[in-house]
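Number of protein chains: 2
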Amino acid sequence: MSVDKVVLALDGMGGDHAPEVVVNGADIARERYPGASFLLFGDPDRLKPLVDRRKGLAQVLEIVPAADAVSADDKPSFALRRRRQSSMWLAVDAAAQGRADTVVSAGNTGALLAISMMAMRMLPGAHRPALASFIPTSRGETVMLDLGANLECDAENLAEFAVMGSVFAQVLLGLSAPTVGLLNVGSEELKGHEELRQAALWLRREGSPVSFQGFVEGNDIGTGKVDVVVTDGFTGNVALKTIEGTAKLYTSFVREAFRTSTFAKIGALFASGALVKMRKRVDPRRYNGGVFVGLDGVCVKSHGGTDALGFAYAIGMAIDMVRYEYKSKLVEGLAKLHEVTARAEAPVLQAGGGGS
Amino acid sequence: MSVDKVVLALDGMGGDHAPEVVVNGADIARERYPGASFLLFGDPDRLKPLVDRRKGLAQVLEIVPAADAVSADDKPSFALRRRRQSSMWLAVDAAAQGRADTVVSAGNTGALLAISMMAMRMLPGAHRPALASFIPTSRGETVMLDLGANLECDAENLAEFAVMGSVFAQVLLGLSAPTVGLLNVGSEELKGHEELRQAALWLRREGSPVSFQGFVEGNDIGTGKVDVVVTDGFTGNVALKTIEGTAKLYTSFVREAFRTSTFAKIGALFASGALVKMRKRVDPRRYNGGVFVGLDGVCVKSHGGTDALGFAYAIGMAIDMVRYEYKSKLVEGLAKLHEVTARAEAPVLQAGGGGS
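Note that the protein sequences, when read in sequence, are chains A and B. Number 293 in my numbering belongs to position 293 of the first sequence; there are no gaps in the numbering. Plus 1000 on top of the position in the second sequence (first one is 1) and you've got my numbering.
Given below as structure tokens:
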């Protein structure tokens, strides 16, 4: 484990179980990631007693008072304008101004997106941020984006998301050339919206910064056919929640099946170790943490309902994004992409024999 | 079981395992549904020996020669123009011309859609056909549409699909007032494409022919929160395939978990009855069969890879659609919807106090 110093700004008041989960999550992460230190934003009267109970944590954590908090019901526009003194705004601002390297919040997703866009701005070459995260597959995990930051996306957005997802997989999964697919429908007559076709054309060209595998379908997500699945925020959000719902349904089917008879109950006893192992494999806490990629800063969104272990995973994701230089790698990838799209806009006959 | 006569046109050459699966499926359906008889389209040299082996079937089935067959790789436009003598075209045409009450095919989906639109045309009040089918949920099953007939949908399409899905659930699930939801994303700032908001406005109005419950999210599909989930064909196709992929992934996780240790293997032996029961519950054959709703005719698409039992389920669906008068109920529902949309286009202040 590297011991590079990373300073994390934490939104102490965001999430269903704040501030306890935030403080306990930071304590778990402190042991896992030597070199990490924390600026914890929020109400000192509530935070200090929690931190003081954990001696090791108190040595690497500073409480920064924030008089206000974003609530789960706040509209993004309201949070953006009226919650300037909230723990979320101040934490994001610390990361945007360079007092911290990254920010982690379990608070209101829409507000966090709006505030980080305002405070951090976009990286050169990125037009819109996307929400990226991991999905469990039979081969391990796949990166999927956009999971809901953009309702509608044009071809350029999708091509940029492909680069963002590819760099994300390089940095967090340690892959040198992650494979990338665009989510589409299968039947011949439906071969995709125009923007999907255009994005695919660019990504296939010579010089493209991603290892593009073409279109994938919904059933390819679970098999891990590609390392990165790219889609618009509407489709991505529906697909992500559909996966969550189906996983929950099957878990309940298995549970019910083991209750149907005495034989089945005995079977469940013998198999309990295996079932625990299976649950660990798809433990949502391991997949906790989405990143708003494309911003000139690293902003990690933890699930609002997660526990301390899940929050620690989100912190780990933020640390890895900083240590493995996500931002500079992404700027490089986007520059390559835009060379390809600029070339592609020149008349085809003069554009050289590029593209496979 | 009603003994009303229903004549089914079957595409004898469509699907991965045609013609065997078609003939065997018809034989299973014949026992289940007294009163059903069949026009089987295809190559007599291949069909006759299969049918002759089943005495009961031969009495209620007539082979109609078709010189050609649509292949799985045919583009819809090609099949439409160049496969006029195919088993698919002739079977659809028989249902369109009234020589059969309904048609069932396990062949090329895009070709089947194109051919039935051409041969059957739309029902009064329906602008586009949608592909509707069942999805297993924790409460039983939910109807979902459009699963891929239309890449992009406007508000009127979506509102019509809501009516089509509602009548589908009335007829096939026996519900008197099925609940209907529009698939959308959750976060506040993203509350849906404009066409979703407009469709929701119409469906909420007084006089609306459906019991509209508002927006639902991807995770609500699996819980069976509503009886009918309405979406555009792109999102629906992605969601359906994502469900299939996730289900397959979890099944493999369970299987692998039971192989991890001797204890687990013993557990699996004790629990095998329960696991079989669970598999039956989500048996894809039970959910085989999608219907192109909105057409002036009943056209059922069986999964191309299904077995005889699955094909028999698709036949059962077609029979129920005819017996419980899907078409006339849908025309009535669509007329009510268009009264509401016409009224809604009048200035709001004069439109009365309608809508909840």
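Quick reminder that beta carbons are idealized off the backbone N, C-alpha and C, glycines included. For clarity, every value in this text was computed on a predicted model and none was experimentally measured.
Residue pairing by DSSP leaves B:A1268 without any beta bridge partner. Within the same chain, D1232 come within 6 Å of B:C1153 by CB-CB distance, once the 5 residues on both sides are set aside.
Here DSSP, grouped into helix, strand and coil, assigns A:G42 to strand.
The three-state reading of DSSP puts B:K1301 in strand, counting E and B together.
Classified as buried, B:E1160 has 16 or more neighbouring CB atoms from the shown chains inside 10 Å of its CB. With contacts defined by Cβ atoms closer than 8 Å, B:L1050 and B:A1318 do not form a contacting pair. Taking A:Y250 as reference, the option from B:K1277, B:L1112 and B:I1266 with the minimal CA-CA separation is B:K1277.
Within 10 angstroms of the beta-carbon of B:K1005 lie fewer than 16 other beta-carbons, which makes it exposed. DSSP places A:T231 outside any alpha helix (DSSP H), giving it a letter other than H or E. Going by C-alpha positions, A:A274 is about 10 Å away from B:A1268.
Bounds of the alpha helix (DSSP H) holding B:E1020 are E1020 to R1032. At a Cβ-Cβ threshold of 8 Å, A:G186 and A:E217 count as neighbours. Nearest CB-CB separation between B:K1241 and chain A: below the 8 Å threshold. Here B:Q1085 carries a coil assignment [DSSP, helix/strand/coil]. Considered as a whole, the region 1139 to 1181 of chain B harbours 1140 to 1145 as its complete beta strand (DSSP E) runs of no fewer than 3 residues, in chain order.
With its beta carbon at least 8 Å from every one in chain A, B:I1115 lies outside the interface. Nearest CB-CB separation between B:F1270 and chain A: below the 8 Å threshold.
Between the region 1124 to 1133 of chain B and the region 1143 to 1150 of chain B, the count of Cβ pairs shorter than 8 Å is three or higher; the stretches touch. Residue environment for A:G310: buried (at least 16 other C-beta atoms within 10 angstroms of its C-beta). At the C-beta level, A:K327 and A:P209 stay beyond 8 Å of one another. In this structure, A:I135 sits near A:I243, with a CB-CB distance shorter than 8 Å. At least one beta carbon of chain A lies nearer than 8 Å to the beta carbon of B:R1281. Every unbroken stretch of the alpha helix (DSSP H) spanning 4 or more residues and falling wholly within the region 98 to 129 of chain A is given here in chain order: 109 to 120. The criterion of a C-beta distance shorter than 8 Å is satisfied by A:D307 and A:V21. Across the structure, A:M88 and A:L240 are spaced so that their CA atoms are roughly 25 Å apart. For B:L1057, the closest of B:D1073, B:A1067 and B:A1029 by C-alpha to C-alpha distance is B:A1029. In this structure, A:A96 lies away from A:L158, with their beta-carbon atoms at least 8 Å apart. B:V1300 is positioned such that its CB atom lies closer than 8 Å to that of B:T1102.
Taking A:A247 as the centre and dropping the five residues before and after it, the same chain places the C-beta of V282 closer than 7 Å to its C-beta, in chain order. In this structure, the beta-carbon distance from B:V1163 to B:L1334 falls below 8 Å.
The Cβ neighbour count for B:D1016, taken over all protein chains shown within 10 Å, is under 16; the residue is labelled exposed. Chain-ordered, the chain B residues with CB closer than 9 Å to the CB of A:H193 read L1151, E1152 and F1234. Note: A:L183 is bridge-paired with A:V216 in the DSSP secondary-structure output. Per DSSP, the unbroken alpha helix (DSSP H) holding B:D1320 starts and ends at A1308 to R1323. Closer than 8 Å at the C-beta level to chain A, one finds no residue of the region 1162 to 1177 of chain B.
Taking 8 Å as the CB threshold, A:G25 stays off the interface with chain B.
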